[in-house]
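Q: Take this structure first; my questions come after.
Residue numbers (this note's numbering), protein chains in the order written: chain L, 1 to 243; chain F, 1 to 218.
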C-alpha cells in the first residue's frame, strides 16, 4: 500500500467514489457546527460587536488560500518528477478553489474592515500580499486554459507554479519591507490565534477543520471531473480514428 | 553564444520598431503623468520614483512577446534547440539582448525623465543605480514568461498576467531605493535586495525558461 497507487486514475476514481460522500458529509457537519456555534453561541466582542464573527469565514478561507497554493506546488513537483497525470490534474483542480478562497478572504476582510478600520481597503502588508497571491492564481488558471495540448499545459503550469511560489514568497516579504518604510502598518494586522480567547478559538478551530475538509471535497470532485473529461476526449478521439 | 547575441542585436536594431518602442513608451509615461496629475513640483517629486519604475516595468513588458515568438514561428528556435548550445544558454543570450536594447536605454534615459518629473537631485544616482541593477531581472523574468507563452495564439495578454505579479518585488525594492535616496535616507538596503533578486534570477530563471521552451517545442 503506497500513495503512488492513486497515481493510477482508475484506482483514484474507485477510492474517491467511496471517500467522497464521507468527506463531503464531514465538511457539511464541521462547517455547520462551527459556523452555528460561532455565529449564535459566542458572546459579542466588547469592542467589535458582532462584526468579530466574520472571523469564522475570514481566517479559515485565508489559511486555505495559502495552503491550496502549497498543494498545487506539491502536485506540480510530483508531475514534473514522476509524470503522474492525476497529480497534475489535482493541481489544476485546486487552483480555482484556491482563488475562490482568496477572494472570500479579501471580501470578508473588506466587510470587516469597513466598520472597524473605517476603510474597505488599506495597503497593509497582509492585504497586499493576498491580492498578489490572487494575481498569481489568475495567471496560473489562465495558462492552463490557454495551452491546448494537455501534457504541455501540465508541464508549463508546473514550472510556473514553482517559479511563482518563489516570487509570491518574495513579494510577501518585499511588501512587508515596503510598508514598514512608509506606514504604521503593524497596528492594522492582527494575529488571530495569539489574541482571541478560547471562547472564540474553539468554534474557529472547528471552522478551520471544516474548511480543510471542504477544500479536500472540492479538489476531489474537480479532479474526478478532470479525469472524466480526459476520458471523454480519449474516447472521442478513438471513435474518430475508427470512423 | 556571441554569434547568437550579435544576431539578436542586429535583428532588434534593423528590423525596425522593436528597438525604440520601449524607450518611446517610457518617454510617453513620463510626459503623460504630469499632464494627468498637474504640474505641482512637490507632488511630482513625491511620485516620481514610483512612476519611473512603473514606466520602466511596462516598457520592458512591451517587447517581451517578441523575444521567442518570431524565432518560434520561422523555426529558428527548433534549430537552436538541436544546436550544441544548451537552451539555457540561448535563454541567457536572448535575455541579455533584450536587456541591451530595452533595459540599458531605459537606464540611460531615466535621469532625463527624472527632470521632467522634478525628482529631487539626490535621487538621480540611486535612480540610475536601481534601474541598472533591477532591469536585468525584468528581462529574465520576462524571458521566462515569454518562454511559457511562446506557442500561444493570444500569448501577449497571458504573458502580462503572468509576468507582472513576478515584477512586484523588483518594483517595490527599486522604487523604494529611489524614494529613500531622494529624501536622503538609507537607500543601500533596498538596492542590495534588488541586486539580490537580479542575481537570483540570473542563476535560476534560465533553467526554468529552458524547461518551458522544451515543453513547448516537444
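For glycine and all other residues, C-beta sits at the position ideal for the given N, C-alpha and C.
Are there 16 or more other CB atoms within 10 angstroms of the CB of residue 120 (chain L), so buried, or fewer, so exposed?
A: Exposed: under 16 other Cβ atoms inside 10 Å.
Q: Which residues, taken in chain order from the stretch 125-153 of chain L, show a beta carbon closer than 7 Å to some beta carbon of chain F?
A: The residues in question are 132, 135, 136, 138, 139, 142, 143, 146, 147, 152.
Q: Name the chain F residues whose beta carbon is nearer than 9 Å to that of residue 77 (chain L)?
A: Per Cβ cutoff of 9 Å: no residues; residue 77 (chain L) is ~13 Å from chain F at best.
Q: Would you say the stretch 140-147 of chain L touches the stretch 87-103 of chain L, given that touching needs at least three Cβ pairs under 8 Å?
A: The stretch 140-147 of chain L is in contact with the stretch 87-103 of chain L.
Q: Using a Cβ-Cβ distance cut-off of 8 Å, determine whether residue 144 (chain F) contacts chain L.
A: Yes, because at least one Cβ of chain L sits closer than 8 Å to the Cβ of residue 144 (chain F).
Q: Taking only three categories from DSSP, how would you classify residue 217 (chain L)?
A: In the structure shown, residue 217 (chain L) sits in a helix (DSSP, three-state: H, G or I).
Q: Is there a Cβ from chain F that is less than 8 Å from the Cβ of residue 174 (chain L)?
A: Closer than 8 Å to some Cβ of chain F, the Cβ of residue 174 (chain L) qualifies, so yes.
Q: Nearest chain L C-beta to residue 166 (chain F) closer than 8 Å, yes or no?
A: It does: the Cβ of residue 166 (chain F) has a partner Cβ on chain L nearer than 8 Å.
Q: What residue range is occupied by the uninterrupted alpha helix (DSSP H) comprising residue 264 (chain L)?
A: In the structure as shown, chain L begins at 1 and stops at 243. Residue 264 (chain L) is therefore absent and cannot be evaluated.
Q: Distance cutoff 8 Å, beta carbons only. Does residue 148 (chain F) sit that close to anything in chain L?
A: Chain L contact via Cβ: present.
Q: Please confirm whether residue 222 (chain F) has its beta-carbon closer than 8 Å to some beta-carbon of chain L.
A: Only positions 1 to 218 of chain F appear in the structure, and residue 222 (chain F) is not among them; the question remains open.
Q: With a threshold of 8 Å on Cβ separation, who are the neighbours of residue 56 (chain L) within its own chain once the five nearest residues in sequence on each side are excluded?
A: Excluding residues within five positions, the ones whose Cβ falls inside 8 Å are 34, 35, 38, 39, 203, 204, 207.
Q: Relative to the C-alpha of residue 64 (chain L), which candidate in L:97, L:51, L:52, L:148 has its C-alpha closest?
A: For the residues L:97, L:51, L:52, L:148, the minimum Cα distance to residue 64 (chain L) belongs to L:97.
Q: Tell me which same chain residues have a C-beta within less than 7 Å of the C-beta of residue 209 (chain F), skipping the five on either side of it?
A: Counting only Cβ-Cβ distances below 7 Å, and skipping sequence neighbours, we find 91, 143, 144, 147.
Q: Quick one: any contact between the stretch 72-88 of chain F and the stretch 40-59 of chain F, if contact means 3 or more CB pairs under 8 Å?
A: Flag = no, the stretch 72-88 of chain F and the stretch 40-59 of chain F do not touch.
Q: Taking 8 Å as the threshold (beta carbon to beta carbon), is residue 87 (chain L) in contact with chain F?
A: Answer no: the Cβ-Cβ gap between residue 87 (chain L) and chain F never drops below 8 Å.
Q: What would DSSP say about residue 149 (chain F), mapped onto helix, strand or coil?
A: If DSSP states are grouped into helix, strand and coil, residue 149 (chain F) belongs with coil.
Q: In terms of alpha-carbon separation, which member of F:122, F:89, F:85, F:133 lies closest to residue 106 (chain F)?
A: Ranking F:122, F:89, F:85, F:133 by Cα distance to residue 106 (chain F) puts F:133 first.
Q: Which residues in chain F sit within 8 Å of residue 156 (chain L), going by Cβ to Cβ distance?
A: Those are 148, 212, 215, 216, listed as they occur along chain F.
Q: List the residues of chain L that residue 197 (chain F) touches, going by C-beta distances under 8 Å, in chain order.
A: The answer, in chain order, is 170.
Q: Check whether the Cβ of residue 208 (chain F) lies closer than 8 Å to any Cβ atom in chain L.
A: Output row for residue 208 (chain F): interface = yes.
Q: Is there a C-beta anywhere in chain L that falls below 8 Å from the one on residue 229 (chain F)?
A: Because chain F is modelled from 1 through 218, residue 229 (chain F) falls outside the range shown and cannot be assessed.
Q: Between residue 175 (chain F) and residue 15 (chain L), what straight-line distance do the alpha-carbon atoms span, to the nearest angstrom?
A: Using only the alpha carbons, I get a separation of about 52 Å.
Q: Can you name the residues of chain L whose CB is closer than 7 Å to the CB of residue 86 (chain F)?
A: Per Cβ cutoff of 7 Å: no residues; residue 86 (chain F) is ~17 Å from chain L at best.
Q: Near residue 98 (chain F), what residues of its chain come up, given a Cβ to Cβ distance below 6 Å and the 5 sequence neighbours on each side ignored?
A: Closer than 6 Å at the Cβ level, and outside the excluded window around residue 98 (chain F), lie 67, 139.
Q: Please confirm if residue 70 (chain L) has its CB atom under 8 Å from at least one CB of chain A.
A: As a matter of chain content, chain A is missing from the structure shown, whose protein chains are L and F.
Q: Hey, how far is the Cα of residue 40 (chain F) from the Cα of residue 165 (chain L)?
A: Each residue's Cα considered, the two are about 41 Å apart.
Q: Counting C-beta neighbours from all protein chains within 10 Å, is the total for residue 65 (chain F) 16 or more, i.e. buried, or is it exposed?
A: Residue 65 (chain F) is buried by the Cβ-count criterion.
Q: Mark residue 53 (chain F) as exposed unless 16 or more other C-beta atoms lie within 10 angstroms of its C-beta, in which case mark it buried.
A: Counting Cβ neighbours within 10 Å, residue 53 (chain F) comes out buried, since at least 16 surround it.
Q: Start and end of the alpha helix (DSSP H) containing residue 108 (chain L)?
A: Note, residue 108 (chain L): alpha helix (DSSP H), 85-117.
Q: By alpha-carbon positions, which one of F:33, F:93, F:9 ends up nearest to residue 202 (chain F)?
A: Nearest C-alpha to residue 202 (chain F): F:93.
Q: Less than 6 Å between C-beta atoms, sequence neighbours within five positions excluded: which residues of the same chain meet that for residue 222 (chain L)?
A: Contacts found: 93.
Q: Between the alpha carbons of residue 75 (chain L) and residue 62 (chain L), how many angstroms are there, rounded?
A: Using only the alpha carbons, I get a separation of about 20 Å.
Q: Is the stretch 170-188 of chain F in contact with the stretch 105-123 of chain F, if contact means three or more CB pairs nearer than 8 Å?
A: Output reads yes: the stretch 105-123 of chain F touches the stretch 170-188 of chain F.
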